[in-house]
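Protein chains in written order, with our numbering: chain E, 1 to 374; chain B, 375 to 748.
Heads up, the beta-carbon is just placed ideally off N, CA and C, and yes, glycines get one too.
Number of protein chains: 2
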Amino acid sequence: MSDDPRFGLRRSVTLPGPLRLDGGVLFSPVDIAYETYGTLNADASNAILVCHALTGDQHLASEHPVTGKPGWWARMVGPGKPIDTNRWFVICSNVLGSCLGSSGPATINPVTGQPWGMQFPVITIRDMVRAQAMLLDHFGIDRLFAVVGGSMGGMQALSWAATFPERVRAAVVIASAARHSAQNIAFHEVGRQAIMADPKWRGGAYYAAQDPPAAGLAVARMAAHITYLSEAGLTAKFGRKLQGREAKTFGFDADFQVESYLRHQGLAFVDRFDANSYLYITRALDYFDLAEEHGGLLANAFRASKARFCVVSFDTDWLYPTAESRTIAHALNAAGAPASFVELSSPFGHDAFLLESPELDRVIGGFLAAGERP
Amino acid sequence: MSDDPRFGLRRSVTLPGPLRLDGGVLFSPVDIAYETYGTLNADASNAILVCHALTGDQHLASEHPVTGKPGWWARMVGPGKPIDTNRWFVICSNVLGSCLGSSGPATINPVTGQPWGMQFPVITIRDMVRAQAMLLDHFGIDRLFAVVGGSMGGMQALSWAATFPERVRAAVVIASAARHSAQNIAFHEVGRQAIMADPKWRGGAYYAAQDPPAAGLAVARMAAHITYLSEAGLTAKFGRKLQGREAKTFGFDADFQVESYLRHQGLAFVDRFDANSYLYITRALDYFDLAEEHGGLLANAFRASKARFCVVSFDTDWLYPTAESRTIAHALNAAGAPASFVELSSPFGHDAFLLESPELDRVIGGFLAAGERP
Numbered sequence: 001m002s003d004d005p006r007f008g009l010r011r012s013v014t015l016p017g018p019l020r021l022d023g024g025v026l027f028s029p030v031d032i033a034y035e036t037y038g039t040l041n042a043d044a045s046n047a048i049l050v051c052h053a054l055t056g057d058q059h060l061a062s063e064h065p066v067t068g069k070p071g072w073w074a075r076m077v078g079p080g081k082p083i084d085t086n087r088w089f090v091i092c093s094n095v096l097g098s099c100l101g102s103s104g105p106a107t108i109n110p111v112t113g114q115p116w117g118m119q120f121p122v123i124t125i126r127d128m129v130r131a132q133a134m135l136l137d138h139f140g141i142d143r144l145f146a147v148v149g150g151s152m153g154g155m156q157a158l159s160w161a162a163t164f165p166e167r168v169r170a171a172v173v174i175a176s177a178a179r180h181s182a183q184n185i186a187f188h189e190v191g192r193q194a195i196m197a198d199p200k201w202r203g204g205a206y207y208a209a210q211d212p213p214a215a216g217l218a219v220a221r222m223a224a225h226i227t228y229l230s231e232a233g234l235t236a237k238f239g240r241k242l243q244g245r246e247a248k249t250f251g252f253d254a255d256f257q258v259e260s261y262l263r264h265q266g267l268a269f270v271d272r273f274d275a276n277s278y279l280y281i282t283r284a285l286d287y288f289d290l291a292e293e294h295g296g297l298l299a300n301a302f303r304a305s306k307a308r309f310c311v312v313s314f315d316t317d318w319l320y321p322t323a324e325s326r327t328i329a330h331a332l333n334a335a336g337a338p339a340s341f342v343e344l345s346s347p348f349g350h351d352a353f354l355l356e357s358p359e360l361d362r363v364i365g366g367f368l369a370a371g372e373r374p
Numbered sequence: 375m376s377d378d379p380r381f382g383l384r385r386s387v388t389l390p391g392p393l394r395l396d397g398g399v400l401f402s403p404v405d406i407a408y409e410t411y412g413t414l415n416a417d418a419s420n421a422i423l424v425c426h427a428l429t430g431d432q433h434l435a436s437e438h439p440v441t442g443k444p445g446w447w448a449r450m451v452g453p454g455k456p457i458d459t460n461r462w463f464v465i466c467s468n469v470l471g472s473c474l475g476s477s478g479p480a481t482i483n484p485v486t487g488q489p490w491g492m493q494f495p496v497i498t499i500r501d502m503v504r505a506q507a508m509l510l511d512h513f514g515i516d517r518l519f520a521v522v523g524g525s526m527g528g529m530q531a532l533s534w535a536a537t538f539p540e541r542v543r544a545a546v547v548i549a550s551a552a553r554h555s556a557q558n559i560a561f562h563e564v565g566r567q568a569i570m571a572d573p574k575w576r577g578g579a580y581y582a583a584q585d586p587p588a589a590g591l592a593v594a595r596m597a598a599h600i601t602y603l604s605e606a607g608l609t610a611k612f613g614r615k616l617q618g619r620e621a622k623t624f625g626f627d628a629d630f631q632v633e634s635y636l637r638h639q640g641l642a643f644v645d646r647f648d649a650n651s652y653l654y655i656t657r658a659l660d661y662f663d664l665a666e667e668h669g670g671l672l673a674n675a676f677r678a679s680k681a682r683f684c685v686v687s688f689d690t691d692w693l694y695p696t697a698e699s700r701t702i703a704h705a706l707n708a709a710g711a712p713a714s715f716v717e718l719s720s721p722f723g724h725d726a727f728l729l730e731s732p733e734l735d736r737v738i739g740g741f742l743a744a745g746e747r748p
């Protein structure tokens with residue numbers, strides 16, 4: 001393990017729990033893998049929790065140990081960057097149910113000594129947040145300077161403000177939604193059915209055979225990946241360009257660049273992600289409905305909150321379109337919570353929050369810095 | 375076979391060919407299954423060809439022999455209906471490559487005596503149209519009163535006007551496009567990969583085992599089905615409503631109605647469609663680019679045309695959005711072709727053209743009737 005702050009500190013902790021899950025299970029112990037960047041100050045008042053998306057991980061601003069790629073938000077987080085590690089202590093933990101070191105279906109069930117597989121309890125976004133709160137307790141952090149997240153990370157940020165209103169001073173919710181729509185659920189169901197239709201899935205008990213349902217998971221990823229991109233972005237990037245040839249082959253190879261790209265996305269994904277984790281996390285997303293957790297009225301979720309909110313959407317995001325962010329902003333207004341809402345323009349669809357976006361940098365940097373003013 | 379005109383006439387014909395395909399193959403013989411409604415007049419001037427969509431069939435206005443359901447456009451075609459079988463002789467034939475009686479991967483390769491499987495030649499939309507032209511020759515129909523189609527049927531209508539400009543007096547193109555976009559290709563590639571990932575696909579040679587790749591085909595259908603519906607339509611129909619229960623199960627059964635609906639769509643589809651045909655027809659769609667066939671300029675496709683055109687889109691169709699129809703209308707204008715273009719409002723997305731739509735009825739009925747005026 002390197003202590004070099006450029007690479008973060010690759011760490012994990014086993015917390016005794018128990019963690020009471022929304023499904024009723026008392027889960028323990030709870031493994032949480034995390035990375036931190038920067039230094040926690042003496043009164044533990046400068047912590048920012050960054051929450052990752054569906055297939056994201058804790059390697060926020062440091063090299064991913066499997067892919068060797070830079071951290072997924074290295075652009076945003078680091079010394080002098082919008083989430084400035086010279087000023088703030090930044091934490092990112094792998095969500096409960098995932099497969100990068102935190103407890104999930106691929107980890108060992110202590111009762112059986114075998115991987116959990118589908119015996120792992122179904123979890124919710126709020127359960128992920130509760131596990132993160134346990135990690136903050138472990139760090140002695142009572143209150144977050146901010147919680148920040150895009151996509152599923154934004155749902156966690158919302159859930160943080162709703163579940164632990166005293167522990168959040170500011171929340172940044174990017175390209176997200178307060179509930180999964182029927183179309184969102186439908187796309188996830190396609191992915192789950194693709195995994196479960198793969199005979200290698202074996203009801204989730206594929207770990208011993210070391211032959212995971214890669215084909216099904218790749219199809220699931222391909223379907224989801226389309227929803228992360230805009231139609232215009234796909235057209236600009238690929239259009240109908242052929243893949244390394246002059247003419248169509250009149251066959252079923254990847255004639256078009258977009259086919260080749262999607263196949264690559266599917267194949268690359270199976271090297272870094274567990275199929276069962278994909279089932280569990282998509283389920284958590286589909287179950288997410290913050291209003292439902294608060295008597296059916298979204299504003300109720302924020303009435304006890306002490307946080308300032310920053311809500312950001314992208315105009316070409318059709319997975320969690322601007323209308324979803326507007327719904328959040330309206331509910332925050334109704335609850336009397338200080339909230340700013342901005343729709344940014346980008347050709348890149350949902351994925352825009354992960355890509356170069358000087359406007360997003362300015363919005364986040366400015367919003368966070370404003371929290372330091374007395 | 376019933377001669378009762380309420381049920382159409384279930385027929386097929388084997389034409390000697392050869393049919394020269396875009397891929398270079400000389401294909402023969404050519405089986406074409408078709409239905410007709412109404413009576414061909416003495417000078418064979420009252421024929422309307424209706425072209426079906428990807429998974430459609432020739433059972434346009436008569437009961438489907440497998441599902442027992444009414445014809446897919448019984449609403450539109452019949453005595454006194456917008457496509458009035460009292461006035462016109464209406465033909466609908468199963469496209470080349472499909473699996474409802476026309477030559478396709480599930481039919482017998484006369485050379486081997488076995489089903490073609492993946493030895494069937496890759497075909498194009500224009501090849502489908504050429505096969506239909508052979509059927510018209512068989513009927514002694516030199517010129518169509520009109521060619522009408524929605525979705526892939528609209529592409530055939532466009533291809534008819536471009537390929538046989540002397541043989542088309544009018545073309546109705548509904549919820550369609552002059553080329554497949556990168557996003558269209560991407561969704562189809564997900565479907566193809568889902569089928570090919572199913573071990574039961576066996577490289578397309580699954581007919582003898584009578585155990586087709588149903589799971590892969592169902593996933594393909596589920597992914598495609600989402601693109602046929604609008605986000606707003608899904609929300610209105612299903613929202614986050616649970617399936618026959620009060621609370622979430624915290625499991626992986628179909629908790630949400632939209633999951634159950636999609637699973638049903640997948641399962642019902644495999645009973646009536648061949649997985650290899652799905653590969654071939656999606657390939658034909660992805661290959662479709664009418665401009666590319668005419669020197670890169672769409673207007674060129676229509677310069678020799680003698681037809682009037684009616685182009686219709688639906689505002690919530692995100693598979694073939696209004697912009698695609700507008701592109702067609704602009705090209706028709708540039709080519710000096712008489713063309714009307716209308717965007718209709720519907721909550722139902724791409725599928726709107728198959729559903730109750732009095733506006734569509736009026737547009738089609740009015741446009742066709744105008745062709746009878748001297």
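With three or more C-beta pairs closer than 8 Å as the rule, is the segment 597-611 of chain B touching the segment 433-443 of chain B?
By the criterion of at least three beta-carbon pairs nearer than 8 Å, the segment 433-443 of chain B is not in contact with the segment 597-611 of chain B.
Use the C-beta contact count for residue 558 of chain B: other C-beta atoms within 10 angstroms, 16 or more gives buried, fewer gives exposed.
Counting from one through the second sequence, the residue named residue 558 of chain B turns up at place 184. Under this definition residue 558 of chain B is a buried residue.
Which of the three DSSP states, helix, strand or coil, is assigned to residue 363 of chain E?
Counting from 1 along the first sequence, the entry for residue 363 of chain E is found at position 363. Three-state DSSP puts residue 363 of chain E in a helix.
Note down, in chain order, every chain B residue with its Cβ under 7 Å from the Cβ of residue 183 of chain E.
Numbered from its first residue, the first sequence carries residue 183 of chain E at position 183. Chain B residues near residue 183 of chain E: 600, 605, 608.
Got a sec, what are the start and stop residues for the alpha helix (DSSP H) residue 127 of chain E sits in?
If you number the first sequence from 1, residue 127 of chain E lands on position 127. Element bounds for residue 127 of chain E: 125-139.
Taking residue 498 of chain B as the reference, which of B/699, B/398, B/588, B/619 has the closest Cα?
Taking the first residue of the second sequence as 1, we reach residue 498 of chain B at position 124. The candidate whose alpha carbon is nearest that of residue 498 of chain B is B/398.
Chain E residues whose Cβ lies nearer than 7 Å to that of residue 633 of chain B:
Position 259 of the second sequence holds residue 633 of chain B. Below the 7 Å Cβ cutoff, chain E contributes 185, 189 as neighbours of residue 633 of chain B, in chain order.
Contacts that residue 287 of chain E makes with chain D (C-beta to C-beta distance below 7 Å):
Judged by its chain identifiers, the structure shown contains no chain D, and its protein chains are E and B.
Have a look at E/92, E/53, E/206 and flag the residue whose alpha-carbon is nearest the alpha-carbon of residue 116 of chain E.
Locating residue 116 of chain E in the first sequence gives position 116, counting from the first residue. Selected option, being the one with the closest Cα: E/206.
So which residues of chain B does residue 269 of chain E contact, with C-beta pairs closer than 8 Å?
Within the first sequence, residue 269 of chain E is the residue found at index 269, counting from 1. Chain B residues near residue 269 of chain E: none, gap ~13 Å exceeds 8 Å.
Bridge-paired residues (DSSP) for residue 605 of chain B
Reading the second sequence from its first residue, position 231 is the one you call residue 605 of chain B. Note: residue 605 of chain B sits in no beta bridge, so no partner.
State the DSSP-derived secondary structure class of residue 109 of chain E, mapped to helix, strand or coil.
Mapped onto the first sequence, residue 109 of chain E falls at position 109. In the structure shown, the three-state DSSP call for residue 109 of chain E is strand.
First through last residue of the alpha helix (DSSP H) which encompasses residue 556 of chain B
Here residue 556 of chain B corresponds to residue number 182 of the second sequence, with the count starting at 1. 556-571 is the span of the alpha helix (DSSP H), which, as asked, contains residue 556 of chain B.
Does residue 685 of chain B come within less than 8 Å of chain E when only Cβ atoms are used?
The sequence position of residue 685 of chain B within the second sequence is 311, counting from 1. Among the CB atoms of chain E, none fall inside 8 Å of the CB of residue 685 of chain B.
Quick check on residue 435 of chain B: does DSSP put it in helix, strand or coil?
The residue you call residue 435 of chain B lines up with position 61 of the second sequence. Reduced to three states, the DSSP call for residue 435 of chain B is coil.
Contact belief for residue 108 of chain E with residue 149 of chain E at Cβ below 8 Å, rounded distance in angstroms
Translated into the one-based positions of the first sequence, residue 108 of chain E becomes position 108. Translated into the one-based positions of the first sequence, residue 149 of chain E becomes position 149. Not quite, the Cβ-Cβ distance comes to about 28 Å (not below 8 Å), so this is no contact.
Burial state of residue 105 of chain E (16 or more Cβ within 10 Å):
Counting from 1 along the first sequence, the entry for residue 105 of chain E is found at position 105. Buried.
Closer than 8 Å to chain B by CB, residue 275 of chain E:
Translated into positions along the first sequence, residue 275 of chain E becomes position 275. Using beta-carbon distances, residue 275 of chain E does not count as an interface residue toward chain B, since no partner is under 8 Å.
Tell me the residue span of the alpha helix (DSSP H) that contains residue 405 of chain B.
By one-based count along the second sequence, residue 405 of chain B stands at place 31. For residue 405 of chain B, no alpha helix (DSSP H) run applies; the uninterrupted beta strand (DSSP E) run containing it begins and ends at 404-411, by DSSP.
Between which residues of its own chain and residue 631 of chain B is the CB-CB distance below 6 Å, once the five residues before and five after are set aside?
Sequence index remark: in the second sequence, residue 631 of chain B carries index 257 (1-based). Within its own chain, the residues whose Cβ lies closer than 6 Å to the Cβ of residue 631 of chain B, once the five positions on either side in sequence are excluded, are 612, 615, 617, listed in chain order.
So is the beta-carbon of residue 387 of chain B under 7 Å away from any non-hydrogen atom of the ligand GDP?
The ligand GDP is absent from the structure shown, which contains no ligands of any kind.
How many Å lie between residue 337 of chain E and residue 88 of chain E at the Cα?
Start at 1 with the first residue of the first sequence, and residue 337 of chain E comes out as number 337. Start at 1 with the first residue of the first sequence, and residue 88 of chain E comes out as number 88. The alpha-carbon separation between residue 337 of chain E and residue 88 of chain E amounts to approximately 24 Å.
Taking the continuous alpha helix (DSSP H) assigned at residue 266 of chain E, which residues delimit it?
Translated into positions along the first sequence, residue 266 of chain E becomes position 266. Where residue 266 of chain E is concerned, the enclosing alpha helix (DSSP H) starts and stops at 257-270.
Counting only beta-carbon separations shorter than 8 Å, does residue 391 of chain E have a partner in chain B?
There is simply no residue 391 of chain E to check, as chain E begins at 1 and stops at 374 in what is shown.
Going straight from the alpha carbon of residue 416 of chain B to that of residue 512 of chain B, what length do you get?
By one-based count along the second sequence, residue 416 of chain B stands at place 42. By one-based count along the second sequence, residue 512 of chain B stands at place 138. Distance between the alpha carbons of residue 416 of chain B and residue 512 of chain B: 15 Å.
For my contact list, residue 320 of chain E and residue 45 of chain E are in at a C-beta cut-off of 8 Å; report their separation, rounded to the angstrom.
Sequence index remark: in the first sequence, residue 320 of chain E carries index 320 (1-based). Sequence index remark: in the first sequence, residue 45 of chain E carries index 45 (1-based). Your pair residue 320 of chain E and residue 45 of chain E does not check out as a contact, with CB atoms roughly 31 Å apart and the cut at 8 Å.
Starting from residue 12 of chain E, trace the beta strand (DSSP E) in both directions and tell me its first and last residue.
As a first step, residue 12 of chain E must be located in the first sequence, where it is residue number 12. Residue 12 of chain E -> beta strand (DSSP E) spans 11-15.
What's the gap between the Cα of residue 379 of chain B and the Cα of residue 528 of chain B?
Position 5 of the second sequence holds residue 379 of chain B. Position 154 of the second sequence holds residue 528 of chain B. Low per-residue confidence applies at residue 379 of chain B: pLDDT is 42, beneath 50, and the placement is therefore not dependable, though the value from the model is reported in the following sentence. For residue 379 of chain B and residue 528 of chain B, the distance between alpha carbons rounds to 26 Å.
Range of the contiguous beta strand (DSSP E) that encloses residue 332 of chain E:
Taking the first residue of the first sequence as position 1, residue 332 of chain E is located at position 332. Run containing residue 332 of chain E: none in the beta strand (DSSP E); it sits in the alpha helix (DSSP H), 322-334.
In chain E, what lies closer than 7 Å to residue 612 of chain B by C-beta?
Walking along the second sequence from the start, residue 612 of chain B turns up at place 238. Against chain E, a Cβ distance below 7 Å from residue 612 of chain B picks out 182.
Establish whether the CB of residue 376 of chain B and some CB of chain E are separated by less than 8 Å.
Reading the second sequence from its first residue, position 2 is the one you call residue 376 of chain B. The pLDDT assigned to residue 376 of chain B is 37, lower than 50, so where the model puts this residue is not dependable, and the model offers no usable value.
If you count every other CB in all the chains shown that lies within 10 Å of the CB of residue 112 of chain E, and 16 or more means buried, which is it?
For the purposes of this step, residue 112 of chain E is identified with residue 112 of the first sequence, where counting begins at 1. Under a 10 Å Cβ-count criterion, residue 112 of chain E is classified as exposed, with fewer than 16 other Cβ atoms of the shown protein chains found around its own Cβ.
In whole angstroms, what is the alpha-carbon distance linking residue 709 of chain B and residue 702 of chain B?
Looking up residue 709 of chain B in the second sequence gives position 335. Looking up residue 702 of chain B in the second sequence gives position 328. For residue 709 of chain B and residue 702 of chain B, the distance between alpha carbons rounds to 11 Å.
CB contact check: residue 78 of chain E to chain B, cutoff 8 Å:
For the purposes of this step, residue 78 of chain E is taken as residue 78 along the first sequence, with counting starting at 1. Answer no: the Cβ-Cβ gap between residue 78 of chain E and chain B never drops below 8 Å.
For residue 192 of chain E, which residues in chain B fall below 9 Å Cβ to Cβ?
As a first step, residue 192 of chain E must be located in the first sequence, where it is residue number 192. Taking a Cβ-Cβ threshold of 9 Å, the residues of chain B close to residue 192 of chain E are 626, 633, in chain order.
Would you kindly work out how many angstroms separate the C-alpha atoms of residue 654 of chain B and residue 250 of chain E, rounded to a whole number?
Here residue 654 of chain B corresponds to residue number 280 of the second sequence, with the count starting at 1. Here residue 250 of chain E corresponds to residue number 250 of the first sequence, with the count starting at 1. For the pair residue 654 of chain B and residue 250 of chain E, the Cα-to-Cα distance works out to about 10 Å.
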